[in-house]
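Number of protein chains: 2
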Amino acid sequence: MTAIASPVPPVRDSAARQRILLTAHDLFYRDGVRATGIDRVIAESGVTKATFYRHFPSKNDLVRAFLDHRHRRWMAWFVEALQRHGGAAAAIVPSLAEWFRGEGFRGCAFINSMGELAGSLPEVADITRRHKQDMTDAIAALLPASRQRRQQADAVALAVDGAIIRAQFDPTPDAALAALARILKSLLA
Amino acid sequence: MTAIASPVPPVRDSAARQRILLTAHDLFYRDGVRATGIDRVIAESGVTKATFYRHFPSKNDLVRAFLDHRHRRWMAWFVEALQRHGGAAAAIVPSLAEWFRGEGFRGCAFINSMGELAGSLPEVADITRRHKQDMTDAIAALLPASRQRRQQADAVALAVDGAIIRAQFDPTPDAALAALARILKSLLA
DNA sequence: GCCGCAGTAGACAGAGTTGTCTACCCTGAA
DNA sequence: TTCAGGGTAGACAACTCTGTCTACTGCGGC
Chain U
9 MTAIASPVPP
19 VRDSAARQRI
29 LLTAHDLFYR
39 DGVRATGIDR
49 VIAESGVTKA
59 TFYRHFPSKN
69 DLVRAFLDHR
79 HRRWMAWFVE
89 ALQRHGGAAA
99 AIVPSLAEWF
109 RGEGFRGCAF
119 INSMGELAGS
129 LPEVADITRR
139 HKQDMTDAIA
149 ALLPASRQRR
159 QQADAVALAV
169 DGAIIRAQFD
179 PTPDAALAAL
189 ARILKSLLA
Chain L
9 MTAIASPVPP
19 VRDSAARQRI
29 LLTAHDLFYR
39 DGVRATGIDR
49 VIAESGVTKA
59 TFYRHFPSKN
69 DLVRAFLDHR
79 HRRWMAWFVE
89 ALQRHGGAAA
99 AIVPSLAEWF
109 RGEGFRGCAF
119 INSMGELAGS
129 LPEVADITRR
139 HKQDMTDAIA
149 ALLPASRQRR
159 QQADAVALAV
169 DGAIIRAQFD
179 PTPDAALAAL
189 ARILKSLLA
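Sequence lines, in order, name chains U and L. Going by our numbering, the first sequence opens with residue 9, and the numbers climb by one from there. Going by our numbering, the second sequence opens with residue 9, and the numbers climb by one from there.
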């Protein structure tokens with residue numbers, strides 16, 4: 009369904025489309041998907057309804073594009089941050105600290121979306137699973153090769169998700185980072 | 009604000025109120041809070057609008073009552089399940105397995121709500137923090153007394169949250185449980 | 001020069017949202 | 001017996017939501 013191209017390709021990498029997508033990204037991530045009306049996205053991206061609906065036939069299409077964009081953006085940042093902090097397992101905590109302490113941190117966009125869109129966009133679970141798989145792969149790349157690297161990476165990724173959650177409801181991310189560090193230390197000893 | 013009693017107590021533990029609350033619990037947990045309209049709750053609990061608004065002056069009041077109810081219900085189940093599985097740290101994985109494999113499992117109601125209500129009901133972060141604090145206390149009670157029990161419990165709770173998330177997007181909870189078991193084993197060795 | 005098309009501008013439909021209000025019923029306690 | 005109050009039944013207001021539609025503009029390539 010989703011991927012069938014229209015007879016005459018109606019959209020491309022236009023400036024308007026980019027503006028819509030970036031605006032939607034900020035609003036969806038900050039306020040949540042359901043809390044953000046299409047009208048708001050349209051108004052804030054300085055575009056008209058006709059233009060919006062030319063690029064995104066429905067809100068769900070925009071949501072999918074948002075998650076796709078978010079995935080690329082976040083993964084690029086994550087991989088870069090891990091390298092910047094040494095490219096080993098020890099890079100995980102300082103990298104996440106950066107994110108958690110960053111201005112508009114509001115948790116994981118995928119986890120948040122999964123919670124609110126289970127009914128209206130069931131595929132968000134699959135999208136989230138793929139996102140977390142890529143995150144786990146990036147983590148695995150930091151670990152020394154061994155027979156249990158895959159499972160170690162799974163465990164680390166699980167702990168990272170726990171830390172993201174905790175950093176989302178605690179006033180400061182310190183406890184989340186400390187607990188994560190404790191887990192990593194004992195897990196990779 | 010929230011806790012000020014009205015001059016003449018307008019509500020009590022009536023049957024109607026209970027029906028509304030239980031219906032709201034099921035719908036909010038299954039479909040999400042924003043996705044569930046007040047009309048739906050009213051229709052499915054077999055009550056009229058006037059009755060509903062007598063007990064819950066606004067949807068936010070209902071949401072707060074829902075989270076409170078959910079907290080009591082979930083904590084009671086959790087403590088009971090941990091005891092039933094032996095009352096030690098080893099009880100955590102089988103207890104969660106029960107929940108994850110249960111019929112309507114849809115993740116943690118608090119984490120889900122925090123994601124979608126950040127804007128309209130900011131206090132949900134505090135409610136979630138208190139809920140997780142109680143969960144952590146229940147976990148701490150399983151661990152042998154030591155100087156680091158508190159921090160161990162924090163780390164275990166963080167991993168539990170990670171497992172809840174993973175069980176929410178994976179088709180089966182097996183990987184989540186295995187990764188959690190791995191973390192517990194190395195953490196409590 | 002003209003034509004296609006991405007864009008602007010905005011009215012409009014149809015459904016759904018929360019919340020209010022009137023009118024009536026029924027029961028249990030003073 | 002009266003009467004307060006929790007309940008039923010449902011209209012209605014005011015707003016927001018997604019999505020459609022018409023009419024016009026401005027520009028780049030053929």
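Every residue gets a Cβ at the ideal spot worked out from N, C-alpha and C, and that includes glycine.
In this structure, the straight-line span from the alpha carbon of residue 74 (chain L) to that of residue 142 (chain L) is close to 17 Å. For the stretch 117-132 of chain L, the set of residues with a beta-carbon nearer than 7 Å to any beta-carbon of chain U comprises 119, 120, 122, 123, 124, 126, 127, 128, in chain order.
Counting C-beta atoms within 10 angstroms of its own C-beta, residue 162 (chain U) has 16 or more neighbours from the protein chains shown and is therefore classed as buried. Contact between the stretch 143-151 of chain U and the stretch 46-65 of chain L is not established, with fewer than three Cβ pairs separated by less than 8 Å. Annotated three-state conformation of residue 31 (chain U) is helix, per DSSP. Nearest to residue 110 (chain L) by C-alpha distance, out of L:94, L:126, L:85, L:170, is L:85.
Between residue 123 (chain L) and residue 169 (chain U), the alpha-carbon positions lie close to 14 Å from each other.
Taken through DSSP and simplified to helix, strand or coil, residue 78 (chain U) comes out as helix. Taking a Cβ-Cβ cut-off of 7 Å, residue 67 (chain L) has no neighbours in chain U, whose nearest Cβ is about 13 Å from it. With contacts defined as CB atoms closer than 8 Å, residue 43 (chain U) and residue 128 (chain L) qualify as a contacting pair. Annotation for residue 96 (chain U): 150 place their beta carbon closer than 7 Å to its own, counting only its chain and skipping 5 residues before and after.
Per the C-alpha coordinates, the member of U:94, U:167, U:173 positioned closest to residue 113 (chain U) is U:173. At least 8 Å separates the beta-carbon of residue 166 (chain L) from that of residue 195 (chain U).
Remark: C-beta atoms of residue 171 (chain U) and residue 90 (chain U) do not approach each other more closely than 8 Å.
Counted as a single uninterrupted DSSP element, the alpha helix (DSSP H) harbouring residue 121 (chain L) occupies residues 117-125.
Residue 33 (chain U) and residue 79 (chain U) do not touch by the CB rule: their CB atoms are close to 11 Å apart, not below 8 Å. Exclusion of the five residues before and after residue 102 (chain U) leaves 93 as the residues of its chain whose Cβ lies within less than 7 Å of its Cβ.
Ranked by Cα distance from residue 118 (chain U), the options U:176, U:23, U:136 are led by U:136. Residue-level contact by beta carbon fails for residue 53 (chain U) and chain L, as no gap is shorter than 8 Å.
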